[in-house]
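See below for the structure under consideration.
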Amino acid sequence: MTWKKNQNKKRPISHYSNLPFDDEVNQNNDANTKTKTIETEVVEEDKAVQDEELKNKEIYASGNDEENNKKLGEEYEALGNKLAEDGNYQEALGKWETAIVLMPERAVLHEQKAQAWITLGRAQLNFGEPDCAIESFDKALAIKPDSMEAKGDRQTALHLVKRRKQLHSTGLSSTENRFLIGDQG
Numbered sequence: 001m002t003w004k005k006n007q008n009k010k011r012p013i014s015h016y017s018n019l020p021f022d023d024e025v026n027q028n029n030d031a032n033t034k035t036k037t038i039e040t041e042v043v044e045e046d047k048a049v050q051d052e053e054l055k056n057k058e059i060y061a062s063g064n065d066e067e068n069n070k071k072l073g074e075e076y077e078a079l080g081n082k083l084a085e086d087g088n089y090q091e092a093l094g095k096w097e098t099a100i101v102l103m104p105e106r107a108v109l110h111e112q113k114a115q116a117w118i119t120l121g122r123a124q125l126n127f128g129e130p131d132c133a134i135e136s137f138d139k140a141l142a143i144k145p146d147s148m149e150a151k152g153d154r155q156t157a158l159h160l161v162k163r164r165k166q167l168h169s170t171g172l173s174s175t176e177n178r179f180l181i182g183d184q185g
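Residues 1 to 185 in full-length UniProt numbering are what the sequence shown spells out, letter by letter.
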């Protein structure tokens, strides 16, 4: 037996359809739905406006005016910081990359980008993807070669890859003999 989830269909509260509170509930639901739709549209419009403003500023700063490039780079940096705080690391990396192009001398941007790669590598390690984690740590080390945390995490990932190869070469499963309960004989 399977249950079909039909969230759009609501059961009536009563078998009597002419109760006075039915109209109030429907009006409140309609108002809540309209409010949520409007809020979503406003957020999307704000993001589109921000992107368009930055594009317009890019066009304005397309000359070699260093002051405009610096201002635009700082705006991209701030936007990248905000995106990173919200958890949108991929978009944050893109904004920081643009800021680095505009202000290559800004060391903080390089450090933030390296830290983002380290964070990504750690997440990949936690999800059991040490090969991808090694690539992320390598990218972080390419940006910041003296990062001790990236070096240490890369060594951990290499150790896990080595252990995995040892398990595969001996023919043992990582779970087969690990949890054997009972008499061996």
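Beta carbons are placed, not taken as given, at the ideal position from N, Cα and C, and that holds for glycine.
Would you say Leu-72 and Leu-109 are within 8 Å of each other, going by their C-beta atoms?
no
Leaving out five residues on either side along the sequence, give the residues of the same chain with a beta carbon under 6 Å from the beta carbon of Leu-93.
The residues are Ala-116.
In or out: Glu-67 buried (at least 16 other Cβ within 10 Å) or exposed?
exposed
Measure the C-alpha to C-alpha separation of Arg-122 and Glu-129 and round it to an integer number of angstroms.
10 Å
Specify whether the region 153-173 and the region 125-144 touch according to this definition: at least 3 beta carbon pairs, one from each stretch, less than 8 Å apart.
yes
Does the distance from the CB of Leu-158 to the CB of Ile-134 come in under 8 Å?
Leu-158 is a Cβ neighbour of Ile-134, given a cutoff of 8 Å.
Would you kindly check if the distance between the Cβ of Glu-74 and the Cβ of Ile-118 is under 8 Å?
Annotated as distal: Ile-118 and Glu-74, with beta-carbon spacing of 8 Å or more.
Coarse secondary structure for Lys-82, derived from DSSP in three states:
Residue state, collapsed to three classes: helix.
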